[in-house]
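Some notes on the structure that comes next.
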Amino acid sequence: MKQLDQEQLYQFFRDHPEKPWHVQDIQKRLKIDDRAELRGELNALTEAGRLVRTRRRTYGLPQEMNLILGRLQVTAGGYGFVIPDREGEKDLFIPADSLHGAWDGDTVMARPNPHRSDDGRVSGEVVRIVERKYQQVVGTLEYARGYAILRPDSPRLRERILLLPETVGALEAGTRLVAKMAWPESSGEQEPFGEVAEVLGIGDNPELETRAVMVKFDLKGEFEPDTLAEAKAVPPTVTLEMMAGRTDLRAINTVTIDGEDAKDFDDAISVERIKGDKESLRVDVHIADVSYYVAEGTSLDMEARERATSVYLPGRVLPMLPEELSNGICSLIEKAPRLALSVLIDITLAGEVKGVKFKEAVIQSDARLTYEQVQVLAEGGRLPHGYRKLERDLKLLLELTQTLRQQRLGQGALDFDFTEAKVDVDETGALHLLPIRSNQARQLIEELMLLANRLVAQELSKRDIPALYRVHEDPAESKLQALQRSLGKLGYELDLAKAGPQELQAILRRAAGKPEAQLVNTLLLRSLKQARYSAENLGHFGLAFENYLHFTSPIRRYPDLVVHRVLRALLQHRLSPTLKERLKSDFPKLAEHASVRERVAEEAERDLNRYFHACWAKEQIGQEFAGVITGVTNFGVFVALPNGIEGLVHVSHLEDDYYMYLEDSLMLYGKHTRRKFRLGDRLAVKILAANAMSRQIDLLPADMELPELEPEPEPEIVPKSFKAPRRQPLPPVLKLPAPQPEPARRKRRVLVFGKR
C-alpha cells in the first residue's frame, strides 16, 4: 500500500488541473489502496479551502472553477475585499450585500461576477466561509429592546452580537467584556451569538485595554502548569557536568549591549586581534544555547512552538519561555557562566571573512552595557568606570561594523530611516513617547547579528541541511508599478527594468534629509512583500543576501531555537538521513505557523501602540505640530507628526471650500480657493480630537479655527428593569440601527476624479 501524503495529493491537482477528478480516478492514478483514507484527506483539503467538491462529487482546485480563496477584509463602510492566497491575483471587491454572513478576517471562497459594476469595478460574492477568524470578540455591553447586545470594539465588525441572557447576569451597560462566539454553521441558528466568557471591566484604562488586545489577537499570558513545572526543574546555574565537551571562552573579554530596559540577553560579543596579522580580527558572536534546556517534545517546547515568539506590548512582555529561562539560566547576564552556541569569525578590518567556526561553548559576560553607553564611546566619550578595559575592543568593533554596513548598503541592502516613537509605560502607568534613533551602537549589534545569521545560513545551505530560512521575495510587478506612479508624483524616477535593491536604495539616499523622506521610505516599504519563514532558501531581497536565517534570538523566537537544534545536531554528528527527512517534512508547516504568529504579534503591538498614541493625542488637543502628508484619499489626508504618530484631516473639517479628490494626482483640490493638499507636502496641523478606543486621531490644518464639536451623545440604553429574560429561542435576525456617524465629523460632498 502506498503511503498517502496530503501535500503529494494536493500536488496531484496542481499537476493535473485540466478537470475535476473522481475519487476512484485519483485512487488509480496514485495507486492508493485505502479509499476511505483517500476520502478523508480529500475532505481535509476541502475543509481547508484548498480543494472544491462539486455537486457531482468530483474534486478540483478553486481557481480552476472560477473561485478565489483568500482572506476577507471588511471596511468600516460595510463592503469588503477578498485578498487572494494565490500570489499575483488581484483583490476582489465584495459589496456589503454579497458578504453572506462573512466577517472581517474570515478565510472565504468567493466567485467573481461575470459583469463589471457601474463604476467598472470587478466585484464578487462570498460563496463559502472556510474558516472564521474570531472565536472570541471583545466589545461593550448594551441593552436594546430587552436583549443584551455586544458592540464589538473593531470598526470592521459592524454587526451587533446577541448575547445569551444567562451568561450576562446583572452586568451593567457599558461593561467591556469578551464573548465566545457561536457561528451559524456550527450552532444551527440563523444568526451568530455569543456567551460572556470574561468580564474586563468598565471604562478605558491601559490595563483593561492591554487585556482586550491579548484576547483580540489570541495572545497567551500565563504558562500552562506543566510548562511552569518543567521550567522550575531546570538548574538555575551552569554546572561542571554541563560544561563538559564545550569550548571554554570565559577568559575572553565578552559584553552584551542592549536597551536600558532589556531583561533577556540573547547575544554577547567579543573581539581579539589575530597575532601576526595587524589587519585581521577574530570576532565571536555568542548566542544563548536555549536548545540545551528546551528539549524537543517537552511541555516547554510545545508551548514555545505554539507561541512562536515573545510579544512586546507597551508596559507588558508576553515571553515565549517562562522567566526561569528567559530572564534566568538562558539569559547571558553579567558575571555568570552561561552555555552558548558561538560563531567564531576570522575577518579583516576591510570586512572580508577569512574563516568561520561554530562551537558549543561556555562564556561569561564581563559587562552589561547599554546602547546609550556605547554611543557615548562612539562619539568620543568614555565608558563608565569599571568597564574602560573594554573600550579598545569596542572601538575595533565600531570601526569594523561601520565597514560591514557600508559594504551591505553598497550591495543594495535597503536602509529604511523612519521616525519611531517607543511607547513606554512606567510602573505608575505614566505614558512616555521615547524617540528611537539608529546610531553606531545599535548598528554595531545589528551588523554582527546579520553576519552571524548569514554565516549559519551559508553553512547549512552549503551542506544541504534542512533549515528554517528567513526569506524576503522580490516585490510583485503590480506593486512596483504603483510605487513608480507614487514616486513620480514626488519627482523621483523608478526604472522598472532595474528595480532591484540597489535602485530602491539609491532612491532612499536621494530622499534622505528632504521633507518627503519619511513618505518615500513608507512608500517603498509598502511596495515590498513581507519577510517570512520558509523551508526553502529563497534569498532576502531587502538585505540583498542569498542566504539568510534567524539564529541570534532563541529566547524570543522559536525559528532561532529550531536552527540551534539543527546546528547542534550537525556539530554532534547526529544528522542522520532519517532525521533530515523528518526535519524536511516538518519545516514547511512550522515555517507557516511561525510566520503567522509573528504577523499576529506585530499587529497586536501596532494596535496597542495606536491606543497609546491616541491617549497621548488626547492630552495635546489644540497643540500645533509640523507634519507631512503621507496619504491622500477621497475622505481626507493622513498626516505624520514629527514623532511618527499619524492622524487624519477629514474632509468634513475642511470648511473653507469644497474639495475635489484628484486620484491621478493624489491630491485634494479646493474648488474655489485652489488650495492643494498633496502627497508629501508639509502641513502644519492642530490636534482636533482623539478617541483611544477607536485608535483615531483627528487633525486640522493649523491655519483653521478649531470648531466647537458637539459632545458625543450617550448611547440609548434600555433601563435595567428591561434586562433580557432567561434564555428563549433565539429571535430572527436582529435588525439594529446602522451605526451613526461620529458627530464630530460633518458630511461634506467630495468630488472624485480619476481613472477607474
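Start counting the sequence shown at 4; every next residue gets the next number (this note's numbering). All residues carry an ideal CB built from backbone N, CA and C; glycine is no exception.
Best match in Arg58, Leu511, Glu233 and Tyr662 for proximity to Ser302 [C-alpha to C-alpha]: Taking the first residue of the sequence shown as 1, we reach residue 302 at position 299. Closest by alpha carbon: Glu233.
Using the beta-carbon count (16 or more within 10 Å), is Asp264 buried or exposed? In the sequence shown, counting from the first residue as 1, residue 264 sits at position 261. So Asp264 counts as exposed.
For Pro580 and Ile290, believed in contact at Cβ under 8 Å, the rounded distance: To locate residue 290, count along the sequence shown from 1; it is residue 287. To locate residue 580, count along the sequence shown from 1; it is residue 577. Going by Cβ atoms, the distance from Ile290 to Pro580 rounds to 28 Å, so no, they are not a contact pair.
Determine, using beta carbons only, whether Met2 and Asp156 come nearer to each other than 9 Å. Outside the modelled stretch of the chain, which goes from 4 to 759, sits residue 2, for which no answer is possible.
Proximity winner among Pro209, Lys517, Gln405 and Lys689, relative to Glu430 (alpha-carbon distances): The count along the sequence shown starts at 1 and reaches residue 430 at position 427. Of the listed residues, the one whose Cα sits closest to Glu430 is Pro209.
DSSP state of Phe15, grouped into three classes? In the sequence shown, counting from the first residue as 1, residue 15 sits at position 12. Reduced to three states, the DSSP call for Phe15 is helix.
Looking at the structure shown, is Arg677 part of a helix, part of a strand, or coil, going by DSSP? Your numbering for residue 677 matches position 674 in the sequence shown. Arg677: coil per DSSP, three-state reduction.
Check whether the stretch 212-223 and the stretch 593-611 are in contact - that is, three or more C-beta pairs closer than 8 Å. yes
Could you have a look at Leu665 and say whether DSSP puts it in helix, strand or coil? Working through the sequence shown from its first residue, we reach residue 665 at position 662. In the structure shown, Leu665 falls within a strand segment according to DSSP collapsed to helix, strand and coil.
May I ask which residues mark the beginning and end of the beta strand (DSSP E) holding Leu144? Here residue 144 is taken as the residue at index 141 of the sequence shown, counted from 1. Counting along the chain, the beta strand (DSSP E) containing Leu144 begins and ends at Gln139 to Ala147.
Own chain residues within Cβ distance below 6 Å of Ser464, not counting five before or after: If you number the sequence shown from 1, residue 464 lands on position 461. Correct list, in chain order: Asn540 and Asn550.
Closest to Val356 by C-alpha separation, out of Arg585, Leu458 and Pro710, would be which residue? The residue given as residue 356 occupies position 353 in the sequence shown. Minimum Cα distance to Val356 is reached at Leu458.
Of the listed residues Ser598, Thr178 and Leu570, nearest to Thr555 (C-alpha basis): Taking the sequence shown and counting its residues from 1, one reaches residue 555 at position 552. Closest option to Thr555, Cα to Cα, is Leu570.
Pick helix, strand or coil for Ala572, following the three-state DSSP scheme. Indexing the sequence shown from 1 puts residue 572 at position 569. The three-state reading of DSSP puts Ala572 in helix, counting H, G and I together.
Looking at the strands, I want to know which residues DSSP matches up with Gly650. Here residue 650 refers to the residue found at position 647 when the sequence shown is read from its first residue. DSSP output for Gly650 lists Val642 as bridge partner(s).
Starting from the C-beta of Gln505, find all residues in its chain whose C-beta is less than 6 Å away, skip the five residues before and the five after it, and write them out in chain order. For the purposes of this step, residue 505 is taken as residue 502 along the sequence shown, with counting starting at 1. Excluding sequence neighbours, Gln505 sits near Gly415.
Can you list, in chain order, the residues of its chain with a C-beta nearer than 6 Å to that of Leu12? Leave out the 5 residues immediately preceding and following it. Translated into the one-based positions of the sequence shown, residue 12 becomes position 9. Taken in chain order, the residues that qualify are Glu44.
Quick check on the DSSP output: the alpha helix (DSSP H) that includes Pro209 runs from which residue to which? Within the sequence shown, numbered from 1, the residue matching residue 209 stands at position 206. It spans Pro209 to Lys219 - the alpha helix (DSSP H) in which Pro209 sits, taken as one unbroken run.
Local Cβ density within 10 Å of Thr78, reported as buried at 16 or more and exposed below that: As a working mapping, residue 78 is identified with position 75 in the sequence shown. It is exposed - the Cβ of Thr78 has fewer than 16 other Cβ atoms within 10 Å.
Selection from Asp706, Gly683 and Leu682 that minimises the alpha carbon distance to Leu691: Position 688 of the sequence shown, counted from the first residue, corresponds to residue 691. Minimum Cα distance to Leu691 is reached at Asp706.
Can you tell me whether Val274 is buried or exposed? The criterion is at least 16 other CB atoms within 10 Å of its CB, across all chains shown. Residue mapping note: residue 274 aligns to position 271 of the sequence shown, counting from 1. That one is buried.
Proximity of Thr373 and Ile260 at Cβ, strictly below 9 Å: As a working mapping, residue 373 is identified with position 370 in the sequence shown. As a working mapping, residue 260 is identified with position 257 in the sequence shown. Yes.
Which value, in whole angstroms, describes the spacing of the CA atoms of Leu316 and Ser481? As a first step, residue 316 is located in the sequence shown; it is residue number 313 there, counting from the start. As a first step, residue 481 is located in the sequence shown; it is residue number 478 there, counting from the start. C-alpha separation (whole angstroms): 34 Å.
Proximity to Val293 [Cα-Cα], best of Arg285, Asp287 and Asp304: On the sequence shown, residue 293 is found 290 positions in, with the first residue counted as 1. The candidate whose alpha carbon is nearest that of Val293 is Asp304.
Which first and last residues belong to the beta strand (DSSP E) in which Gln699 is found? To locate residue 699, count along the sequence shown from 1; it is residue 696. Gln699 to Pro704 is the extent of the beta strand (DSSP E) around Gln699.
Enumerate in chain order the residues of its own chain whose CB-to-CB distance from Asp563 is below 7 Å, with the five nearest sequence positions on each side excluded. The residue you call residue 563 lines up with position 560 of the sequence shown. Within the same chain, Asp563 has close Cβ partners His553, Phe554, Thr555, Ser556 and Pro557.
Can the beta-carbon of Leu651 be found less than 9 Å from the beta-carbon of Met670? Reading the sequence shown from its first residue, position 648 is the one you call residue 651. Reading the sequence shown from its first residue, position 667 is the one you call residue 670. Result no, Cβ atoms of Leu651 and Met670 do not sit closer than 9 Å.
Use the C-beta contact count for Phe725: other C-beta atoms within 10 angstroms, 16 or more gives buried, fewer gives exposed. As a first step, residue 725 must be located in the sequence shown, where it is residue number 722. Because the pLDDT at Phe725 is just 34, under 50, the model does not fix this residue reliably, and the point stays unresolved.
How far does the beta strand (DSSP E) with Asn694 in it extend, from its first residue to its last? Your numbering for residue 694 matches position 691 in the sequence shown. Val688 to Asn694 is the extent of the beta strand (DSSP E) around Asn694.
So the candidates are Lys22, Leu75 and Asp477; which of them puts its Cα closest to the Cα of Arg535? Here residue 535 refers to the residue found at position 532 of the sequence shown. Selected option, being the one with the closest Cα: Asp477.
Gly491 (DSSP reduced to helix, strand or coil): For this step, residue 491 is matched to residue 488 along the sequence shown. Three-state result, Gly491: helix.
Quick one: residues in its chain with C-beta nearer than 7 Å to the C-beta of Ala617, no 5 flanking neighbours on either side, listed in chain order? Locating residue 617 in the sequence shown gives position 614, where the first residue counts as 1. Spatial neighbours of Ala617 in its own chain (CB-CB distance under 7 Å, excluding positions within 5 residues in sequence) are listed in chain order as Ala693, Asn694, Ala695, Arg698, Gln699 and Ile700.
Taking DSSP as the reference, what is the three-state secondary structure of Pro562? As a position in the sequence shown, residue 562 is number 559, starting the count at 1. DSSP places Pro562 in helix when its eight states are reduced to three.
Could you tell me if the beta carbon of Lys532 falls within a distance shorter than 8 Å of some heavy atom in the ligand SAM? By its list of ligands, the structure shown contains no ligand whatsoever, and the ligand SAM lies outside what it can speak to.
Closer than 6 Å by C-beta to Ala547: which residues in its own chain qualify, once you throw out the five before and the five after it? Chain order, please. Counting from 1 along the sequence shown, the entry for residue 547 is found at position 544. Answer for Ala547: Gln414, Gly415, Ala416 and Pro504, listed in chain order.
Around the Cβ of Arg729, are there at least 16 other Cβ atoms within 10 angstroms (buried) or fewer (exposed)? By one-based count along the sequence shown, residue 729 stands at place 726. The pLDDT assigned to Arg729 is 38, lower than 50, so where the model puts this residue is not dependable; a value taken from the coordinates is nonetheless given after this. Arg729 should be labelled exposed.
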